[in-house]
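Trainee: Heads up: the sequence shown is residues 34 to 615, going by my numbering.
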Amino acid sequence: MKTRNYELKIVFLLIAIGFVVFGNSLGGDFVYDDHLILSHSFMGDWGNLASFFNGPYFEDFGESGLYRPLTQVSLSLNFLLFGNGSFSFHIINVLLHTVNSFLVFLLIQKISKRQKFSLISSIIFLVLPIHVEAVSSIVGRAELLTFLFSLFSVLILLDKPTVKWSLVSAGCFFLALLSKETAVALFPVVLIIIFVYTDVYTSLYTKVAHASYFLIAILGYFLLRINALGMHAFGVQPEFVFNPLAYVSAGERVLTAFKILPLYLQKILIPFGLSPDYSFNQIKNVSEINFLSIVGIIVLFGLIFWAIKKINNIFWVLGISLFIFPYLLISNLLFPVGTIMGDRLMYLPSVGLIILLAFLPDKKKYKRALIGLVAVYSVLCINQNKIWANETTLYKAMYERSSDSVVAKTNWAKTLVLEGQTSEARELLLEANSQYEYFLLTLTWLGSIEANESNFEKAEEYFEKALLLRPNNQNVLTSLSRVYFKQRKYHQANRILESLVLNYSGEGNKILYVISQIRAHNYQKAINVITKYYGDNPTDESARVLFAYANYKIGNFALANKTGFSFKEAEDNFLNLESFFW
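(1) Determine the extent of the alpha helix (DSSP H) in which F55 is found, giving its start and end residues.
(2) Compute the Euclidean distance between the alpha carbons of L152 and I43, then round it to the nearest angstrom.
(3) In chain order, which continuous runs of the beta strand (DSSP E) of length 3 or greater are located wholly inside the region 103 to 152?
(4) Taking all protein chains shown into account, do 16 or more other C-beta atoms lie within 10 angstroms of the C-beta of M264, making it buried, or fewer, making it exposed?
(5) Which whole-angstrom value is the C-beta distance of L473 and L502, which I expect to be below 8 Å?
(6) Would you mind stating whether I560 and F590 have Cβ atoms separated by less than 8 Å?
(7) What separation, rounded to the nearest whole angstrom, lies between the Cα atoms of I189 and K342?
(8) Tell me where the alpha helix (DSSP H) around V370 begins and ends.
(9) Within 8 Å, do at least three Cβ pairs link the region 103 to 120 to the region 152 to 163?
(10) Ignore the nearest five residues each way along the sequence and tell me which others in F220's own chain have a CB closer than 7 Å to its CB.
(11) Is it right to say G371 is buried, meaning 16 or more other beta carbons lie within 10 angstroms of its own, or is it exposed?
(12) Below 8 Å, how does it come out for the region 383 to 392 and the region 305 to 325: are there three or more Cβ pairs, yes or no?
(13) What residue ranges within the region 408 to 468 form continuous alpha helix (DSSP H) runs of no fewer than 4 residues, ordered along the chain?
(14) Taking the runs of the alpha helix (DSSP H) that are 4 residues or longer, which of them lie wholly in the region 534 to 587?
(15) Under 8 Å between the Cβ atoms of F600 and N606?
(16) For a quick check, are the C-beta atoms of V287 and L366 less than 8 Å apart?
(17) Pick helix, strand or coil for F247, following the three-state DSSP scheme.
(18) List the endpoints of the continuous alpha helix (DSSP H) containing P295.
(19) Using a Cβ-Cβ distance under 8 Å, would M76 count as near chain C?
(20) Determine the contact status of V222 and F338, defining contact as a CB-CB distance below 8 Å.
(21) In angstroms, rounded to a whole number, what distance separates the CA positions of G539 and H68?
(22) Spell out a yes or no on whether the region 403 to 417 and the region 193 to 209 are touching, meaning 3 or more CB-CB pairs, one atom from each, closer than 8 Å.
(23) What is the rounded straight-line gap between the Cα of W445 and the Cα of M431?
(24) In its own chain, which residues sit with a C-beta less than 7 Å from the C-beta of I144, not counting the 5 before and 5 after it?
(25) So what's K193 in DSSP terms, helix, strand or just coil?
(26) In this structure, how does DSSP classify P359 when only helix, strand and coil are distinguished?
(27) Below 8 Å on the Cβ atoms is my contact criterion, and I expect F63 with S119 to pass it. Report the Cβ-Cβ distance as a whole number of Å.
(28) Would you be able to state if there are at least three C-beta pairs under 8 Å between the region 485 to 493 and the region 461 to 469?
(29) Who are the Cβ neighbours of L362 in its own chain at under 8 Å, not counting the five residues just before and after it?
(30) With DSSP run on the structure shown, which of helix, strand or coil describes Q520?
(31) Could you compute how far the alpha carbon of D192 sits from the alpha carbon of F291?
(32) Can you grab the Cα-Cα spacing for the pair W79 / T179, in whole Å?
(33) My guess is that I163 and P304 are in contact by the Cβ rule of under 8 Å, so how many angstroms apart are they, rounded?
(34) State the start and end residues of the unbroken alpha helix (DSSP H) segment that holds A593.
(35) Use the C-beta contact count for I249: other C-beta atoms within 10 angstroms, 16 or more gives buried, fewer gives exposed.
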């Protein structure tokens with residue numbers, strides 16, 4: 034009972050610190066990838082929760098190879114239970130982060146038996162500035178859930194190494210996999226625990242039997258993954274702009290990955306220069322070994338050597354394993370992944386370093402140093418939260434901190450467009466396009482600028498090039514259909530709009546499709562579309578106007594008159610609709 038009361042106090046302390054440090058993130062908007070993930074057509078629908086298990090993370094881009102159904106279900110439940118405002122999403126992210134920090138406390142206390150160092154270390158984990166991206170961005174939920182189920186899996190395995198609880202631990206591991214792919218890095222960690230640190234398993238056969246539960250979890254996950262992603266289940270196909278290491282020689286990729294290791298360590302322990310973006314051309318590739326690559330090689334192999342030397346000390350081995358194995362998976366060392374580098378990717382690996390901090394000698398000066406570190410990190414964390422407040426602050430920080438990045442330039446240019454600074458935005462976009470001419474977002478915004486200035490042929494060129502990169506992208510399809518319409522290329526516009534209606538539905542798409550059919554003089558087709566989606570006596574005002582006008586145009590006066598519009602009224606309203614939508 035005394036232990037439980039103490040742990041309950043720790044929970045409340047961590048929640049209090051968590052909301053003080055991340056309190057200024059609660060009012061943040063949806064930003065960046067939040068829009069992409071939360072715009073999924075299944076989002077916020079009770080009937081579609083199970084459907085997330087049958088499709089990719091990015092609805093129109095299965096080629097990404099990402100499969101995170103449990104994260105999607107979590108976000109959808111947010112909508113269903115608390116509405117579509119961003120506040121509840123941030124609240125839950127912060128709560129998950131504080132729970133994760135408590136699990137860090139339990140883990141370190143379990144293997145070290147040192148309460149004070151365990152508590153201080155868990156608070157340091159809570160306030161690490163590099164964690165801001167995972168907590169303050171809504172889509173960081175994937176990192177938080179993966180960590181949650183991973184640590185539950187490890188704690189259960191360490192505390193209750195029985196058949197029943199090993200099954201529960203494997204179940205948690207399965208849930209971690211469904212939250213994010215990187216959880217597979219936990220598999221070698223649990224193997225080490227089973228084969229080295231659990232004396233309950235008295236024979237090799239028993240150890241193998243318990244390890245098989247986790248293997249079954251992986252196999253089950255991959256069956257679901259194959260069903261959802263098909264041929265893309267076995268590899269990520271990153272865009273060059275997000276991970277150029279996927280498109281260089283193995284030697285260059287490995288040397289660059291070694292260079293990134295000390296950069297990560299610096300950003301975890303000395304958290305300056307944190308950025309929401311490190312994509313092309315911010316992190317320079319390494320074609321010949323350099324100082325940072327050498328440091329990375331020494332650190333990685335030094336940690337591996339030390340873990341082997343200290344194989345009988347779970348404290349060292351578990352700390353190093355929880356850093357090394359997740360790092361190897363996201364580092365591009367073994368194979369290319371979705372991105373070259375990202376602060377959020379260090380959420381799980383960082384716990385390994387935090388465990389090692391608790392190994393410091395039990396002296397007041399070390400405790401005071403760690404408490405001082407908590408204070409410094411807390412201030413930096415609060416400041417880092419501010420850049421995720423909205424897209425203007427985010428993209429400004431992205432551009433200021435990663436000024437060579439094509440992605441950062443493009444996103445800041447997008448902000449400039451929205452603020453009416455079109456000429457500055459075009460200059461920045463053209464600069465980004467000259468560095469890399471196949472980035473979808475750069476092409477899309479260049480096309481939008483040209484379309485807004487009635488340079489439709491140039492806009493068409495940009496949008497068509499963008500469509501070659503992402504054939505099913507809704508924004509590009511919609512923009513290109515408008516450009517075709519403005520040029521009176523109604524056949525091309527109708528082809529795209531028909532695809533949008535069939536694949537993504539949407540009231541706007543349907544109305545746009547009918548307007549374009551009428552302009553192409555396909556009046557009966559327009560009537561058929563309205564009848565299909567709105568019935569033969571439409572109550573929707575826009576559909577009723579279009580139904581009346583199309584029927585007047587082919588002489589179906591009886592049907593047109595039933596709408597209550599005269600021909601003149603129908604024509605005037607049609608022109609108003611056309612002007613509004615196009």
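We treat Cβ as the ideally placed atom computed from N, Cα and C, and that holds for glycine.
Mentor: Well, looking at it:
(1) The count along the sequence shown starts at 1 and reaches residue 55 at position 22. Unbroken run through F55: none, as it is neither H nor E.
(2) Your numbering for residue 152 matches position 119 in the sequence shown. Your numbering for residue 43 matches position 10 in the sequence shown. Their backbone Cα atoms lie some 8 Å apart in a straight line.
(3) Taking 3 residues as the minimum length, the region 103 to 152 contains no beta strand (DSSP E) run wholly inside it.
(4) Position 231 of the sequence shown, counted from the start, is the residue given in the question as residue 264. Exposed, because fewer than 16 other Cβ atoms sit within 10 Å of the Cβ of M264.
(5) The sequence position of residue 473 within the sequence shown is 440, counting from 1. The sequence position of residue 502 within the sequence shown is 469, counting from 1. The pair is a contact, with the Cβ atoms about 5 Å apart (cut-off 8 Å).
(6) As a first step, residue 560 is located in the sequence shown; it is residue number 527 there, counting from the start. As a first step, residue 590 is located in the sequence shown; it is residue number 557 there, counting from the start. Taking 8 Å as the Cβ cut-off, I560 and F590 do not qualify as a contacting pair.
(7) Position 156 of the sequence shown holds residue 189. Position 309 of the sequence shown holds residue 342. One C-alpha to the other measures close to 26 Å.
(8) Translated into the one-based positions of the sequence shown, residue 370 becomes position 337. For V370, no alpha helix (DSSP H) run applies, since DSSP gives it neither H nor E.
(9) Contact between the region 152 to 163 and the region 103 to 120 is absent: fewer than three C-beta pairs spanning the two stretches fall below 8 Å.
(10) The count along the sequence shown starts at 1 and reaches residue 220 at position 187. Once the five neighbours on either side are set aside, the close Cβ partners of F220 are F247, I251.
(11) For the purposes of this step, residue 371 is taken as the residue at position 338 of the sequence shown. Counting Cβ neighbours within 10 Å, G371 comes out buried, since at least 16 surround it.
(12) Taking 8 Å as the limit for Cβ pairs, the verdict is that the region 305 to 325 does not touch the region 383 to 392.
(13) The region 408 to 468 contains these whole alpha helix (DSSP H) runs: 424 to 434, 439 to 451, 455 to 468.
(14) Complete alpha helix (DSSP H) runs here, min 4: 540 to 552, 556 to 567, 574 to 586.
(15) Numbered from its first residue, the sequence shown carries residue 600 at position 567. Numbered from its first residue, the sequence shown carries residue 606 at position 573. Not a contact, by the Cβ cut-off of 8 Å.
(16) Counted from its first residue, the sequence shown places residue 287 at position 254. Counted from its first residue, the sequence shown places residue 366 at position 333. Yes, the Cβ-Cβ distance between V287 and L366 is below 8 Å.
(17) The residue you call residue 247 lines up with position 214 of the sequence shown. If DSSP states are grouped into helix, strand and coil, F247 belongs with the helices.
(18) Sequence index remark: in the sequence shown, residue 295 carries index 262 (1-based). Note, P295: alpha helix (DSSP H), 283 to 302.
(19) This model lacks chain C altogether, as it is built from one protein chain only.
(20) Taking the sequence shown and counting its residues from 1, the one referred to as residue 222 is at position 189. Taking the sequence shown and counting its residues from 1, the one referred to as residue 338 is at position 305. No.
(21) Mapped onto the sequence shown, residue 539 falls at position 506. Mapped onto the sequence shown, residue 68 falls at position 35. Each residue's CA atom was taken as its position, placing G539 and H68 some 17 Å apart.
(22) Contact between the region 403 to 417 and the region 193 to 209 is absent, because fewer than three Cβ pairs lie under 8 Å.
(23) Counting from 1 along the sequence shown, the entry for residue 445 is found at position 412. Counting from 1 along the sequence shown, the entry for residue 431 is found at position 398. Cα to Cα, W445 sits roughly 8 Å from M431.
(24) Against the sequence shown, residue 144 aligns to sequence position 111. I347, F348, L351, listed in sequence order.
(25) The residue you call residue 193 lines up with position 160 of the sequence shown. Of the three classes helix, strand and coil, the one that applies to K193 here is coil, per DSSP.
(26) The residue given as residue 359 occupies position 326 in the sequence shown. Here DSSP, grouped into helix, strand and coil, assigns P359 to helix.
(27) For the purposes of this step, residue 63 is taken as the residue at position 30 of the sequence shown. For the purposes of this step, residue 119 is taken as the residue at position 86 of the sequence shown. By a beta-carbon distance limit of 8 Å, F63 contacts S119. Their separation comes to about 5 Å.
(28) Not touching, per the Cβ criterion.
(29) Numbered from its first residue, the sequence shown carries residue 362 at position 329. These residues qualify, in order along the chain: T215, V217, A218, V370.
(30) One-based indexing of the sequence shown puts residue 520 at position 487. Here Q520 carries a coil assignment [DSSP, helix/strand/coil].
(31) Residue numbering aside, residue 192 sits at position 159 when the sequence shown is read from its first letter. Residue numbering aside, residue 291 sits at position 258 when the sequence shown is read from its first letter. About 35 Å.
(32) Here residue 79 is taken as the residue at index 46 of the sequence shown, counted from 1. Here residue 179 is taken as the residue at index 146 of the sequence shown, counted from 1. Looking at the two C-alpha atoms, the distance is approximately 23 Å.
(33) Looking up residue 163 in the sequence shown gives position 130. Looking up residue 304 in the sequence shown gives position 271. With a Cβ gap of about 6 Å, I163 and P304 count as contacting.
(34) Reading the sequence shown from its first residue, position 560 is the one you call residue 593. Note, A593: alpha helix (DSSP H), 590 to 595.
(35) In the sequence shown, residue 249 corresponds to position 216, counting from 1. Looking at its Cβ environment, which holds fewer than 16 other Cβ atoms inside 10 Å, I249 is exposed.
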